[in-house]
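Each step along the sequence shown adds one to the number in UniProt numbering, with nothing skipped, and position 54 is 54.
The C-beta atom is built at its ideal place from N, Cα and C for all residues, glycine as well.
Okay, so here's the structure we're looking at.
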Amino acid sequence: MSKRNWPDSYAHPRFWPAWLAIGAMRVGAWLPWRLKLAIGRALGLLAWAAVPRRRHIVDTNLKLCFPELGDAERAALVRETFEANGIGILETATGWCRDPRHLRHRVTYKGRHHLESAYAQGKGVLVVGIHFSTLDLGGALHSLYFPSDVVYRPHNNPLFDRFMTRARSRIYGEAIDRHDLRGVVRRIKAGHIVWYSPDQDFGRDVSVFAPLFGIQAATIRLTAKIARMTGAPVVPLMFHRNPDDRTYTIECHPALEDFPSGDEVRDATQVNAFIERAIGKHPEQYMWLHRRFKTRPEGEPELY
Numbered sequence: 001m002s003k004r005n006w007p008d009s010y011a012h013p014r015f016w017p018a019w020l021a022i023g024a025m026r027v028g029a030w031l032p033w034r035l036k037l038a039i040g041r042a043l044g045l046l047a048w049a050a051v052p053r054r055r056h057i058v059d060t061n062l063k064l065c066f067p068e069l070g071d072a073e074r075a076a077l078v079r080e081t082f083e084a085n086g087i088g089i090l091e092t093a094t095g096w097c098r099d100p101r102h103l104r105h106r107v108t109y110k111g112r113h114h115l116e117s118a119y120a121q122g123k124g125v126l127v128v129g130i131h132f133s134t135l136d137l138g139g140a141l142h143s144l145y146f147p148s149d150v151v152y153r154p155h156n157n158p159l160f161d162r163f164m165t166r167a168r169s170r171i172y173g174e175a176i177d178r179h180d181l182r183g184v185v186r187r188i189k190a191g192h193i194v195w196y197s198p199d200q201d202f203g204r205d206v207s208v209f210a211p212l213f214g215i216q217a218a219t220i221r222l223t224a225k226i227a228r229m230t231g232a233p234v235v236p237l238m239f240h241r242n243p244d245d246r247t248y249t250i251e252c253h254p255a256l257e258d259f260p261s262g263d264e265v266r267d268a269t270q271v272n273a274f275i276e277r278a279i280g281k282h283p284e285q286y287m288w289l290h291r292r293f294k295t296r297p298e299g300e301p302e303l304y
């Protein structure tokens, strides 16, 4: 349903589930840490048991990307992925509804000098993030070190989109609709850092095929296009929850070299190589729940 077909009043019963979700996130953000972890894992396991279609998508993704895993190892990783993404709901609530400064003592920032060096060039910076379950909390914590803008996908529910956009606008300098290329370019050219995540399948029309874990993946061309339009360095960034489940690591890497190169496939391959390395560190925290390989080269069968 398009947004224009929604009721005019947020009091309409159609919005009640969104109000419930918003209320639950506001409460969840203030729960004790151990309780957040327990509830998050429970939510993840509930989804694992109740949504077999998503379980099949995760299993298919892992089978494609980690063919060396046996059935039992892969099944365990599927379960861990759901648990991590369940915890991610509470982490997102925390990032959206609380001041991130209360978690600064839990963060280790590695490679900070790479982003400082890129920013010092005075051309703005495009930060390449990844869709880990920790994404929104990671962005909030990153903002404590480097004020940034963020590119986001609007939510289909206008009430939840309003809640999400207001939360992100509080964290970031500006929350930019992913369709607003001019807005992204404008902010970068004004010298801003813009956080952007190019690791999802947006379809054939805006993508080229480049390898990801040895699989030809539809990879958006926009990363190189933004870099070409702005002249800004492109800095890869990782963010993950540490094994102690209490602390986090932000890790900046050197700006991509010879990027953009003028070869769209080569550029997409370089971006995917970083994404692959990041996922390999903590594969259970990646959002395998989306169909990363849904768009196939001509003549190849559907994978899901």
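Q. Taking Cβ positions, are glycine 124 and threonine 230 nearer each other than 8 Å?
A. A contact, by the Cβ cut-off of 8 Å.
Q) If you draw a straight line from the C-alpha of glycine 173 to the C-alpha of phenylalanine 146, how long is it? A) Rounded to whole angstroms, glycine 173 to phenylalanine 146 spans 10 Å at the Cα level.
Q | Alpha-carbon spacing of arginine 187 relative to glutamate 276, whole angstroms | A | Here the alpha carbons of glutamate 276 and arginine 187 stand approximately 28 Å from one another.
**Q.** Pick from His131, Gly139, Ala190 that is closest to arginine 104, judged by C-alpha positions
**A.** Comparing Cα positions, the closest option is Gly139.
Q. Can you tell which of Val78, Arg246, His179, Pro236 has its C-alpha closest to the C-alpha of asparagine 272?
A. Among Val78, Arg246, His179, Pro236, the Cα nearest to that of asparagine 272 belongs to Pro236.
Q: For proline 301, count neighbouring C-beta atoms within 10 Å of its own C-beta (all shown protein chains included) and say buried if the count is 16 or more, exposed if not.
A: Proline 301 should be labelled exposed.
Q) In terms of DSSP beta bridges, what is tyrosine 248 paired with? A) Tyrosine 248 is bridged to Val107, Arg241.
Q.
I need the boundaries of the beta strand (DSSP E) containing tryptophan 195, first residue and last residue.
A. Bounds of the beta strand (DSSP E) holding tryptophan 195 are 193-196.
**Q.** Contact set for arginine 228: own chain, Cβ-Cβ below 6 Å, skip 5 residues either direction
**A.** Here the set comprises Pro260.
Q: With residue 339 as the anchor, note down where its beta strand (DSSP E) starts and where it stops.
A: What the structure shows of the chain is the stretch from 1 to 304, and residue 339 is not part of that stretch, so it cannot be assessed.
**Q.** Contained beta strand (DSSP E) runs [length at least 3] in the stretch 106-184, N- to C-terminal order
**A.** DSSP runs (the beta strand (DSSP E)) wholly in the stretch 106-184: 107-110, 125-128, 149-152, 175-177.
Q) Taking the C-alpha atoms as reference points, what is the distance between threonine 108 and tyrosine 248? A) Going by the C-alpha atoms only, they are around 6 Å apart.
Q) When we look at the beta-carbon of glutamine 121 and count the other beta-carbons within 10 Å, is it buried (16 or more) or exposed? A) Counting other Cβ atoms within 10 Å of its Cβ, glutamine 121 stays below 16 and is therefore classed as exposed.
Q.
Could you pull the DSSP bridge partners for isoleucine 220 from this structure?
A. For isoleucine 220, which the question treats as bridged, DSSP gives the partners Ser207.
(Q) Count Cβ pairs between the stretch 80-89 and the stretch 30-45 that sit closer than 8 Å; are there 3 or more? (A) Taking 8 Å as the limit for Cβ pairs, the verdict is that the stretch 30-45 does touch the stretch 80-89.
Q. Would you say leucine 137 reaches chain B, if we count a Cβ-Cβ gap shorter than 8 Å as a contact?
A. Structure shown: chain B not included; a single protein chain is present.
Q: Would you identify the three-state DSSP class for leucine 90, choosing helix, strand or coil?
A: Leucine 90 falls in the helix class under three-state DSSP.
Q: Could you name the residues of the same chain whose beta carbon sits closer than 6 Å to that of tryptophan 288, not counting the 5 residues immediately before and after it, in chain order?
A: Spatial neighbours of tryptophan 288 in its own chain (CB-CB distance under 6 Å, excluding positions within 5 residues in sequence) are listed in chain order as Val58, Asn61, Thr81.
Q) What's the C-alpha gap between phenylalanine 202 and leucine 31? A) Phenylalanine 202 and leucine 31: Cα-Cα distance of roughly 36 Å.
Q.
How far does the alpha helix (DSSP H) with threonine 269 in it extend, from its first residue to its last?
A. In the DSSP assignment, threonine 269 falls within the alpha helix (DSSP H) that extends over 264-281.
Q | Proximity winner among Ala190, Lys36, Lys225, Arg55, relative to aspartate 267 (alpha-carbon distances) | A | Of the listed residues, the one whose Cα sits closest to aspartate 267 is Lys225.
Q | DSSP-derived helix/strand/coil call for leucine 64 | A | It is helical.
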